[in-house]
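Taken in order, these protein sequences are the chains called A and B.
Numbered per the UniProt record's numbering, the first sequence spans residues 1 to 891.
Numbered per the UniProt record's numbering, the second sequence spans residues 1 to 891.
Heads up, the beta-carbon is just placed ideally off N, CA and C, and yes, glycines get one too.
There are 2 protein chains.
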Amino acid sequence: MADRYVYFFGAGETEGSRDMKDLLGGKGAGLAEMARIGVPVPPGFTITTEVCRLYLHGGRYPDGLREQVDAALARLERATDKRFGGGEAPLLVSVRSGAAFSMPGMMDTILNLGLNDRTAEALAAASGDARFAFDSYRRFVQMYADVVMGVHADQFERLLEDAKHRRGVTLDTELSADDLRALVAEFKALVRTRSGKDFPEDPQDQLWGAIAAVFGSWDTPRAKAYRRINNISDSLGTAVSVCSMVFGNMGDDSGTGVAFTRDPSTGEPRLYGEFLVNAQGEDVVAGIRDPLHIDGMEQALPASFHELVAAARLLEDHYRDAQDLEFTVEKGRLYLLQTRNAKRTGRAAVRMAVEMVDEGRITPEEAVLRVAPEQLDQLLHPMIDPSAPVRVLSTALPASPGAASGRVVFNPDEAAERGPHEPVILVRRETSPEDFHGMVVSQGILTCRGGMTSHAAVVARGMGKCCVAGAGDIVMDEARRTFSAAGETVREGDWITLDGSTGRVILGKVPTVEPEPTPDFERLMAWADGFRRLRVRTNADTPHDSVVARRFGAEGIGLCRTEHMFFEGDRIDAVREMILADSGAQRAIALAKLLPMQRADFEGIFRAMDGLPVTIRLLDPPLHEFLPHGPAEIRDLARKLGQDPIRLREQVERHHEANPMLGHRGCRLGISFPDITWMQAQAIFEAAVNVQAEGITVFPEIMIPLVATAEELARQRKVVDDVAHEVFFQCDAKVDYLVGTMIELPRAALTADRIAEHAQFFSFGTNDLTQTTFGLSRDDAGRFLPEYVGSGILPDDPFQTLDIDGVGRLVETASRLGRGVVADLKLGVCGEHGGDPRSVTFFHQVGLDYVSCSPYRVPVARLAAAHAALADRKRTTGPATPLEAEALAAD
Amino acid sequence: MADRYVYFFGAGETEGSRDMKDLLGGKGAGLAEMARIGVPVPPGFTITTEVCRLYLHGGRYPDGLREQVDAALARLERATDKRFGGGEAPLLVSVRSGAAFSMPGMMDTILNLGLNDRTAEALAAASGDARFAFDSYRRFVQMYADVVMGVHADQFERLLEDAKHRRGVTLDTELSADDLRALVAEFKALVRTRSGKDFPEDPQDQLWGAIAAVFGSWDTPRAKAYRRINNISDSLGTAVSVCSMVFGNMGDDSGTGVAFTRDPSTGEPRLYGEFLVNAQGEDVVAGIRDPLHIDGMEQALPASFHELVAAARLLEDHYRDAQDLEFTVEKGRLYLLQTRNAKRTGRAAVRMAVEMVDEGRITPEEAVLRVAPEQLDQLLHPMIDPSAPVRVLSTALPASPGAASGRVVFNPDEAAERGPHEPVILVRRETSPEDFHGMVVSQGILTCRGGMTSHAAVVARGMGKCCVAGAGDIVMDEARRTFSAAGETVREGDWITLDGSTGRVILGKVPTVEPEPTPDFERLMAWADGFRRLRVRTNADTPHDSVVARRFGAEGIGLCRTEHMFFEGDRIDAVREMILADSGAQRAIALAKLLPMQRADFEGIFRAMDGLPVTIRLLDPPLHEFLPHGPAEIRDLARKLGQDPIRLREQVERHHEANPMLGHRGCRLGISFPDITWMQAQAIFEAAVNVQAEGITVFPEIMIPLVATAEELARQRKVVDDVAHEVFFQCDAKVDYLVGTMIELPRAALTADRIAEHAQFFSFGTNDLTQTTFGLSRDDAGRFLPEYVGSGILPDDPFQTLDIDGVGRLVETASRLGRGVVADLKLGVCGEHGGDPRSVTFFHQVGLDYVSCSPYRVPVARLAAAHAALADRKRTTGPATPLEAEALAAD
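Here's what the structure looks like:
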């Protein structure tokens, strides 16, 4: 007997099931499954992916295929009581591609296959609607010619426009059946001219042409590129599903609609959707008639409605998840065309997941897997009231989620002045550390330049403040204190609203809604915490951020950037004095001023993090960042320091660097000026001793940044240990502490075994590691990175989602080398990637101990870590149910 | 029988040999070897490194050691007819450390051990010179107390100064024997106060104290750090050599000197050296008496002279290399104290090596190994006349070798104007590509900032022009057109001379000598070429450089930087027009202007390289580098382009990047503007077709720079292949060409397998790879890199000598991954490291096909490649002779 290449579904004769995705594709398996469990579907059959492989590899169809297709067609004719290519009731079919993985790069669906001049007339007669029949025919010719014969759809559209012009009408629906009949003839003539071939009249020819086109679409450059980028094997192939057509526009006992088994925006467990009597799906899309709420179907087609309710219940029970259904009623008979897991808002996702556990449908593991970590973002930030009308000025990067309204200010001093009294939005070309005081008091930040990891974006996310970045179409006029966009000019003091979750800049004050973490959310997170192995810390530089993060579940601080403390109030003057010191003695005076300030900061943070570890990074940025830039600022500083402004300018210029990111920064500063390291270590240890005396439990972890060689770490560690020894001796106290390093340079990763000899922990600084591994500056990447991602050179922005092939490989290498020397070396991540779910999965897989992210991303990271751990569990034991397998695969 | 821990040498009873370096250390084995072959040495004995290991590990000496030392001492007394610690002729010894590898971090020599109050008097009597005896005693106490008892030498020097002050004299030699006797007492009192212990009177105590100190010196932090940096195992241990003292100041039948068996500066085969009658080595060092030329010894001590000549011949025959000898004549009896391979100039090295082959002493392999590649540098560049007096203004980085005099100019336009008429030296804070026209016409370049791989240094080396870089102690006053240094003020137009081989900046015009490659040089290089596997190409951007490099033996161009062509003449205007174009059409116009210029350049280079491959790198630097900077320049360009200067300034500013090295450059430009790639490829292929028609053989290899992902290369390669196809079709011709990429980003190295799918060759851009692997900008590293190298954090400047642990690992990984996909993938290096001998060795080892370096480094690279290949040969077959082993080990 020949191998089986064709699987029938529907009409009680279903041969496939959901488990056969590899062979039948996602769509084919789904239709078979619905049919199998008794949900009414239009019958049809699926040609397997194996045929695709044989056809593409060997150039011909396997023996027996034609016979099996013929047999399936005959069954289909029997099941529908229609005839393919003839009879009073012609059998029309849809033909679709369908691989095991969804692939947007592949062939579109062909509808109404089987129509020709003869069957169109028969359809007109059978439906009693000639216009419907010839409109369907016209669409079929156009679609088929486009997809199968390579005649571009545009050219048909032009003929259609001409026809409407001749008739003096504007809508397609105003063309009569005769107009459309004539148009079909024009379409076919065009096909002949353009392709040199006649449009196939024989439905058999149509069908085999469509099958070949589907298989051929597997190998188009676009599909290949998509697979290459998404790591899908070229050898899988696609299936072809051939399904009998049903029509919802066959009279008032027909109709079409979509339904969700639960409300996709709230999660409320009731049928939700839209419905149109005597209509096709296309009518809904065209927006000519307003659809009814699904409840209205109960009056219009009560029997079908109750069938639908029953089918919905059956499908939800079967798939154990809320479903998104497409259905058509043809002459009082209900068909489901598709069911899939319903897309939903974060709020709905959480509610559905928790309630389904309560209903006993799913386990807490499954509930946790049901909510995508990114969805939590919506639950943690204020949102624009979805019912409010908005005037969008620009849509740029959603750099930090949430929504905020305020009056426009153009400089941080102005913001600092007005911010405490009224809500302000700081609008800047780009921000720098010197804008910090203005950012702190603003409701939101809008920049014209910079990407998702620009200064504005990183700082705003850290503060949980909304930010829209890189709005390149906004034209700033700082002199006039205005900006213009989308034809509007906005003046200082005018109200604008930012939507940091979508990147919209909106004119005026728009109401926002403040979401409250619900009890459902808390229950879900508690389950997630029970599953995950990876700890989640936060990046926080102030006691306030620490408190916020702890409320969100942070289990310590993974990155406290000491330099952020340097910008507060008038500390910057002492910092500048330190940098510009001519001698060690002068520098010592400036450092002595900074010591008590840093100590007080650390005390505050240690108190907020009582009982949890706090990783403090020593001074990292190039010193030039702290210096004044404009002549006025330089004059000002010269006055304060009692120096000659010209000499001071020279000193400032001497600190200028061609590539500061690759310059004199990180531990290189501590090597050149060990007294800075000394001061910072002293502030940390004195603070630790002081709060410990108050009964607070402290675990400082001191982190040496930008280490490239083991020797750098060895020397900096010695300074830190010496200071600890001295402080503990003088205070007659002792605090447990660790000294470790950031792995943020390729060389550090490559020589991590030697570095580990001097380290008690590693923290991967994946922002910088991405910069150096790619040779790509975050500050400059905006010039071409969007194009790179847009055109598929890169699958993602590597500053948002870790580049696993390159940067990830270094993380893996360093982890392996480090643990080879120190078996229990503590490993963490403190780059922005610590809050990105896909990256978190990777960090879990390579065995890190924790990730660290901005406070508002902590719940996202907790959930992502739980997903990663559950995926592990499944990998070792195998998924318990097909549902779980799907939830895992969807991740 | 107990193990043997002590080996005697001299007096015809020698027990060791040169093969026992591991056990006896370098010094001990050398003395034994001399004694063994009949060269007179003062007898003595060596305590093995094994004792050191046992002592340091177990805390005590092995059983039997004391007895063996006593026995050796007794033999030494018999051999010298003196008694240790007594008698009329007291036996005095020197005690030295000596490991298998030379270690500057270890203990100094102790001389005259065995002296005490009694033996000093005996020595005074025996020598008839009480002053000599007590001066020796005084020195011994000081040295022993310093090295063994931890009393710092400074404190003794102070007592000595006091004594001279009391006596009203200024020279040590003016102190009488009684003064010195009194001083010894003072010294001993000081030792008691400082160390709390009496100075040991018993020579046995002295000896065992010294032995323990030598062994202890193996484990000092300084010695450990030295070993860590130099990869010497801590477990080797040091030997102790105890040698009987001989004195050259025992009268007119005594003397001391040094001799070379061949002239170390010319290589001439005759005895060369210096000699003093009735003197000790210290007298030579002190410079009180002018030593005689060695020939003078024939008159003074004819018998000893002839003995010396015989010993020299014997040692040269034995070691088969020119020797550097230390000798002493004590009362008419010659002793050799040391022999070692003579240091020599490059010129001498080449001559000696070639002549020794002719003399049948060594093989051509050995001759090639005798010359260090770096030594060739001296032979290829003009040098300051060594006999000329000089006034040095500053000593900075020897950035590009050679010497040149010229008049000072401070800007490139001035240089361009005066340069063609008179020699000029361009003095700049730092240079940029815009200074190129001025650099071309200057004799040499001096910069205040920047390191060995700064723009000035790289460009100068490429042109074989001398350059001194990073002269930080020079104060520039560009407004007054002067600079000052070392108290001198130099005005524009004043003469200065640069010594690029030593980094000296010299006031005035100093004569230089122009070395001529000798026939010896040519013979040596021919042998080297016969041994090496690695090909050597050159980095050249002009036909002129190509011709020079070919003369130096370059086997192709490994890096032709197309952007350098953009700065010539008024091309820069068209380049700027291209960069600032608002539309593709405008850019096309500018590119059309550049096309014929680039084509003509390539034609010139292809002709010069007839028959050899030429690797051309497509446009690489950030576009901002080509744009004008100052307001005047911008106004000027605005006039030329007919644009508004304010708008132009904005455009220029828009191209500014925070970290240009990590910015929009390399293939990122070609991805954003494929028409630039198109134009460059068109120029290359048209040039290739044109010169091929002239009968020239061309092998263009087109190199896509700064690739981070395989997809970038795939897309750029497609453009290049498309252009090739079109040009070949239009010209009805065909040229073989390759398309490949630079591996200069860590990500490219880590994903080299994927990249190799689209590459026909890889060229490692180790400059950029070093920058990103270390996160270290060449332009900024000058701020701290010297300190890093100076203090041992880094063993070398990684921009000069490849960092094998980090960058080298990436080179190795990429080579392995690339060849795993394309087995015969061509691999080369085009960074500055291609001309660094140690780096070349590594490139040979990882199996690259070629290195590429600046024209003047080509012979250095050829020789280094030969060394690397010979080292391979020895590794597989083992060294043929101990001599070869030493030559290899010294490399």
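Straight across, the Cα-Cα distance linking residue 410 of chain B with residue 626 of chain B is about 21 angstroms. DSSP places residue 742 of chain A in the strand class (E or B) of the three-state scheme. In this structure, the alpha-carbon of residue 511 of chain A lies about 28 angstroms from that of residue 454 of chain A. Inclusion of residue 82 of chain A and residue 91 of chain A in the CB contact set at 8 angstroms is warranted, their separation being smaller than that value.
For the pair of segments examined, the region 625-642 of chain B was found not to touch the region 583-594 of chain B: the number of CB pairs separated by less than 8 angstroms stays below three. For residue 745 of chain A, the neighbours in chain B by C-beta distance under 8 angstroms run, in chain order, 773, 774, 775.
Judged by DSSP in its simplified three-state form, residue 256 of chain A adopts strand. Of the residues assessed, residue 631 of chain A falls on the exposed side of the cut-off, its CB having fewer than 16 other CB atoms within 10 angstroms. No Cβ of chain B is located within less than 8 angstroms of the beta carbon of residue 489 of chain A. Taking 8 angstroms as the upper bound for CB-CB distance, residue 44 of chain A and residue 6 of chain A are not in contact here, some 11 angstroms apart. In this structure, residue 153 of chain A keeps its C-beta atom at 8 angstroms or more from the C-beta atom of residue 191 of chain A. Excluding the 5 residues flanking it on each side, residue 435 of chain A has same chain C-beta neighbours closer than 6 angstroms at 412, in chain order. Those residues of the region 667-678 of chain A placed with their C-beta closer than 8 angstroms to a C-beta in chain B are 668, 671, 672, ordered along the chain.
Between residue 9 of chain A and residue 203 of chain A, the C-beta spacing is not below 8 angstroms. Under the three-state reduction of DSSP output, residue 510 of chain B falls in the coil class, being neither helix nor strand. When beta bridges are read from the DSSP output, residue 490 of chain A appears opposite A:483. Beta-bridge annotation (DSSP): residue 467 of chain B is paired with B:400, B:445. Cβ-Cβ distances below 6 angstroms link residue 543 of chain B to 604, 605, 608 in the same chain, with the five nearest sequence neighbours on each side left out; the list follows chain order. Between residue 307 of chain B and residue 276 of chain B, the CB-CB gap reaches or exceeds 8 angstroms. The contact set of residue 660 of chain B on chain A, defined by CB atoms closer than 9 angstroms, consists of 658, 659, 777, 780 in chain order.
With respect to the 8 angstroms criterion, residue 532 of chain B and residue 866 of chain B are classified as neighbours on the basis of their beta carbons.
In this structure, the beta-carbon distance from residue 456 of chain B to residue 497 of chain B does not fall below 8 angstroms. Taken in chain order, the members of the region 699-721 of chain A whose beta-carbon sits within less than 8 angstroms of a beta-carbon on chain B are 706, 708, 709, 711, 712, 715. Across the structure, residue 610 of chain B and residue 665 of chain B are spaced so that their CA atoms are roughly 31 angstroms apart.
DSSP, reduced to helix, strand and coil, places residue 218 of chain A outside both helices and strands of the structure shown, so it counts as coil. Counting only runs of at least 3 residues, the region 560-613 of chain A fully encloses no beta strand (DSSP E) element at all.
Counting only the Cα atoms, residue 339 of chain A lies some 15 angstroms from residue 102 of chain A. Rounded to whole angstroms, the separation of the alpha carbons of residue 868 of chain A and residue 130 of chain A is 57 angstroms.
Excluding the 5 residues flanking it on each side, residue 373 of chain B has same chain C-beta neighbours closer than 6 angstroms at 837, 860, 863, 864, in chain order. Annotation: the region 50-136 of chain A contains the following complete segments of the beta strand (DSSP E) (minimum length 3 residues), in chain order: 93-98, 110-113.
Each residue's CA atom was taken as its position, placing residue 419 of chain B and residue 468 of chain B some 18 angstroms apart.
Restricting attention to beta strand (DSSP E) runs no shorter than 3 residues, the region 714-795 of chain B encloses them at 738-743, 761-764, ordered along the chain.
Chain B has no Cβ within less than 8 angstroms of the Cβ of residue 831 of chain A. Taking 8 angstroms as the cut-off, the beta carbon of residue 99 of chain A is found no closer than this to the beta carbon of residue 207 of chain A. Looking from the CA of residue 818 of chain A, the closest CA among A:266, A:743, A:260, A:650 belongs to A:743. Judged by beta-carbon spacing, residue 266 of chain B lies beyond the 8 angstroms limit of residue 342 of chain B, meaning their Cβ atoms are not closer than that value.
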